[in-house]
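Taking it in order: structure first as structure tokens, then the write-up.
There are 2 protein chains.
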Amino acid sequence: MIAEILATGDEIRSGALVDSNSAYIAGRLEEAGVEVVRHNCVGDDLDRLAAIFIEIGRRADLCVVTGGLGPTEDDLTGKAAAKAGGVSLLLDETALASIERFFNARNRVMSESNRKQAMLPQGAARLDNPIGTAPGFAMRIDRCMFFCLPGVPPEMKRMLQDQVLPRLGSLPGAEPGVSRTVTISTYGYPESIAGERVAGFSERFPSLKLGLRAKFPEIQIKIYARGTDPVQLDGKVDEAKKWLLSRIGEKTFSTRGESMQEVVGRSLKDSGATLAVAESCTGGLISHWLTNVAGSSAYFLLSAVTYANQAKQEVLGVSRETIKSRGAVDEKTAEEMAEGIRRLSGADFAISTTGIAGPEGGTQEKPVGTVCIGLSSEHSTFARKYFFPFGQRLMNKKVFAMTALDLLRRELQKQR
Amino acid sequence: MIAEILATGDEIRSGALVDSNSAYIAGRLEEAGVEVVRHNCVGDDLDRLAAIFIEIGRRADLCVVTGGLGPTEDDLTGKAAAKAGGVSLLLDETALASIERFFNARNRVMSESNRKQAMLPQGAARLDNPIGTAPGFAMRIDRCMFFCLPGVPPEMKRMLQDQVLPRLGSLPGAEPGVSRTVTISTYGYPESIAGERVAGFSERFPSLKLGLRAKFPEIQIKIYARGTDPVQLDGKVDEAKKWLLSRIGEKTFSTRGESMQEVVGRSLKDSGATLAVAESCTGGLISHWLTNVAGSSAYFLLSAVTYANQAKQEVLGVSRETIKSRGAVDEKTAEEMAEGIRRLSGADFAISTTGIAGPEGGTQEKPVGTVCIGLSSEHSTFARKYFFPFGQRLMNKKVFAMTALDLLRRELQKQR
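The following block contains the structure:
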């Protein structure tokens, strides 16, 4: 099966927006055993859009299209597909009713422009959008089945999952069989070192495919497998997974595709323990990550983002002496921050960060990228100092936050 | 001039890597007055690569190609371009000498595979790479001039700047002229309503192009303009900008492409004021956003993420009575949270959030999506209640955080 992706929209065409949808779609199709051979992007231009629909219709069997389903004038995907297919746009009553329901449920009035979103090319199958106003549609043009989805990532992802992936098997040219994907999430190796650790995989497991995906600051190692006998395939995948885990060791934090905060949260929940956080250089990112997990209120009690030294002293009780003699970015300060927030919150565990995210504030002795991370529990309080060579402020915040959570993850494992 | 971009490589094709190069190149070309009409991507496959070189050669005047210039077997750009152009690869002595120099300067030995990087298609012009081993090349195939650059972003950027942009004016089909882009950032209108507010733009300003970009939860409205007379163009763009601002009103928070936190931060800095935050349902996101701005330590003093009710009482001094009688999600609680964090930090301004991000915790009376936002300054303390119809936890956190910052932005404007 020849599969392609078409991203539409002037934002992507003109470079105003980086197209992350296409990579996501290619990855999901790859997991489902469909190799994407080509990505395309054109802007909000009716003639160019219609032309590329015709072009892809001639050479591919499957194409996932994103964008251009919104209510505004420059949302042209439906119109272009209709033009390419030589059909007209028709009002889809079910789509209209669903858009109306979307607005009613939110006590908002549907505007006239939203009506346009219910116009689908004649003969196209509506693809429901449970979390937005724009329904998608599936439509054959020439030899190719086009799945047109919204460009808004959460809506696109949901519809790809619910509406596109289940239909792949019934497309002409679909190869029968089963596929498996295993995701091993690691933190602590740079991509090149991770690559070296798993070198030799393809000689050892020639029937499997290995992929490294950098999702800064974590590295995901993926096994893609495809075969006809599910039992045999599972055995092979399991063997490969064990080999990879032996190569990566304790730098693996999940084999189920979880985020670091989900792993830490589950571990806290399982042991009935609670957590508090004192953040300086990470500026709230650890708390934000932790509270992205639904149900985190069961273990996450309190975080203090003490950016100012005075706040470190007054809120957390860090001693003036410590900050004066050793500075804010110091193991002792990190320890006192962790102890302080644990005392204040009554939590079982506390972590703290104090460091220099940049771009300003670095010195010869403590350059940008330096961070001290503290951990306090009823058993002990300690801190560690790290240096990361990333120049960028946001990258530093992420790598500092990840390191703190990883330190906690290992501590929780130890105390089990 | 018809311009395109071609990204090559299996990492991008398979979705292992998001292609940010193409957006960068499109943006730089757009600034230089060259509109990119199409992006393409294929993997490391000689036949597919050669075919797309031929295809683009027929329809475009200019194409910037990235990737496939490295030393390994699957780096095929030179070979594919030679095949498409019907020429052979020849050793470029200057390129070879430059690669040798690169290794000598680093006290490393050039490997045999690096020799391959000096093989260029016959008739191609070498493009020097001052910071890496892979030289690029420029080559005409059919009507199109291809500029082939490395995929490594810093090398690509440097060579685009030094080797490609200066050559644009001499290409056939180059249009003389200047271009302008204006970004109006708004918060508070859904995309469809924003679209309706600016309807009529293209009739009023037929020579300009308008684009709406949803960057949840903000909506950016962009003017793209191109002309020959800079003075006339600036006048037209200014007129269009004024008209748009009159249509969007106070929902505009920036006309310079700034984020909400940059606008709030600048406003605080300009008036020498400081800020503290008490977050419940936003879980640290407001603090994270604020501290993403370099230099935010000048005005951001402290944030308390008080997830537990006990923390609201003990850390912020919210009265037990208030929480007991009115609940945690209440205007009174939000007011006491804002007052409490302002007292604790000594900041001039304080904002607070308490609400239900979901998916659990909603009731008939206070459904998921309800939030109370408090604001406290020396002049007054008040809170407002909002309801947002987004089901998703992360979307709710973002829209709650944005609403709190927008409330502060308006208050700061008022107090000026």
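Residue numbers (this note's numbering), protein chains in the order written: chain A, 114 to 529; chain B, 114 to 529. Glycine included, C-beta positions come from ideal geometry on N, C-alpha and C. Keep in mind the model is a prediction, meaning the values are calculated, not measured.
Length of the line joining the Cα atoms of residue i and residue j
i: A/Met508; j: B/Ser416; result: 21 Å
i: A/Val265; j: A/Thr516; result: 31 Å
i: A/Ser438; j: B/Lys335; result: 52 Å
i: B/Ile469; j: B/Val442; result: 8 Å
i: A/Asp383; j: B/Leu388; result: 37 Å
i: A/Glu427; j: B/His492; result: 25 Å
i: B/Leu162; j: B/Phe250; result: 16 Å
i: A/Ser298; j: A/Ser367; result: 5 Å
i: B/Asp132; j: A/Gly128; result: 11 Å
i: B/His152; j: A/Ile169; result: 14 Å
i: A/Phe501; j: A/Trp402; result: 20 Å
i: A/Thr404; j: A/Ala287; result: 41 Å
i: A/Ser359; j: A/Ile306; result: 15 Å
i: B/Gly471; j: A/Ala496; result: 35 Å
i: B/Ser380; j: B/Arg369; result: 14 Å
i: A/Ala247; j: A/Cys261; result: 11 Å
i: A/Asp351; j: A/Val344; result: 11 Å
Below-7 Å beta-carbon distance, residue i vs any chain B residue
i: A/Val512; result: no
i: A/Ala287; result: no
i: A/Leu398; result: yes
i: A/Leu381; result: no
i: A/Ala447; result: no
i: A/Cys154; result: yes
i: A/Asn227; result: yes
i: A/Ala386; result: no
i: A/Pro279; result: no
i: A/Thr466; result: no
i: A/Ala237; result: no
i: A/Pro184; result: yes
i: A/Ser292; result: no
i: A/Thr404; result: yes
Residue i beta carbon near the ligand GTP (any heavy atom closer than 6 Å)
i: A/Thr299; result: The ligand GTP is not among the ligands present in this structure, which contains no ligands whatsoever.
Contact with chain A by residue i, beta-carbon distance below 7 Å
i: B/Phe260; result: no
i: B/His492; result: no
i: B/Leu430; result: The question names Leu, but residue 430 of chain B is Gly in the sequence shown. Closer than 7 Å: no.
i: B/Val265; result: no
i: B/Glu309; result: yes
i: B/Tyr420; result: yes
Element boundaries [alpha helix (DSSP H), containing residue i]
i: B/Met100; result: Lying before the first or after the last residue shown, residue 100 of chain B is absent from chain B, which here runs from 114 to 529.
i: B/Ile125; result: Asp123 to Arg126
i: A/Ile436; result: Arg433 to Arg439
i: A/Pro343; result: Pro343 to Ile361
i: B/Gly140; result: Asn134 to Glu144
i: A/Ile169; result: Leu159 to Arg172
Residue i: first and last residue of the uninterrupted beta strand (DSSP E) it sits in
i: B/Ser292; result: Val291 to Thr299
i: A/Gly324; result: Lys322 to Lys328
i: B/Thr365; result: Thr365 to Ser367
i: B/Ala470; result: Per DSSP, B/Ala470 belongs to no beta strand (DSSP E) and is neither H nor E.
i: A/Leu202; result: Leu202 to Leu204
Residue i versus the options, residue with shortest Cα-Cα distance
i: B/Met258; options: B/Val177, B/Gly430 and B/Phe501; result: B/Val177
i: A/Gly324; options: B/Arg126, B/Gly286 and B/Leu119; result: B/Arg126
i: B/Lys425; options: B/Glu449, B/Trp402 and B/Gly286; result: B/Glu449
i: A/Tyr337; options: A/Glu117, A/Glu148, A/Asp123 and A/Ser133; result: A/Glu148
i: B/Phe216; options: B/Trp356, B/Gly146 and B/Ile244; result: B/Ile244
i: B/Glu544; options: B/Ser372, B/Lys364 and B/Thr467; result: No information on residue 544 of chain B is available, as it lies outside the stretch 114 to 529 that chain B covers here.
i: B/Lys313; options: B/Leu233, B/Leu357, B/Ala218 and B/Glu213; result: In the sequence under discussion, the amino acid at residue 313 of chain B is Gly, which differs from the Lys named in the question. Cα-wise, what sits closest to B/Gly313 is B/Leu357.
i: B/Gly440; options: B/Val484, B/Met252, B/Gly471 and B/Ser226; result: B/Val484
i: A/Gly140; options: A/Ser283, A/Ala116 and A/Asp342; result: A/Ala116
i: A/Gln274; options: A/Arg529, A/Gly180, A/Glu144 and A/Thr446; result: A/Glu144
i: A/Ser226; options: B/Asp123, B/Asp174, B/Gly308 and B/Leu518; result: B/Gly308
i: A/Leu518; options: A/Pro343, A/Pro234 and A/Pro330; result: A/Pro330
For residue i: DSSP bridge partner residues
i: A/Ser224; result: None, per the DSSP bridge assignment.
i: B/Ser465; result: B/Ala391 and B/Gly487
i: B/Ser416; result: A/Val418 and B/Val390
i: A/Ala338; result: A/Arg293
i: B/Asn153; result: A/Asn153 and B/Leu119
i: A/Val178; result: A/Leu119 and A/Cys261
i: A/Tyr499; result: A/Val484
i: B/Ala251; result: B/Ala238 and B/Phe260
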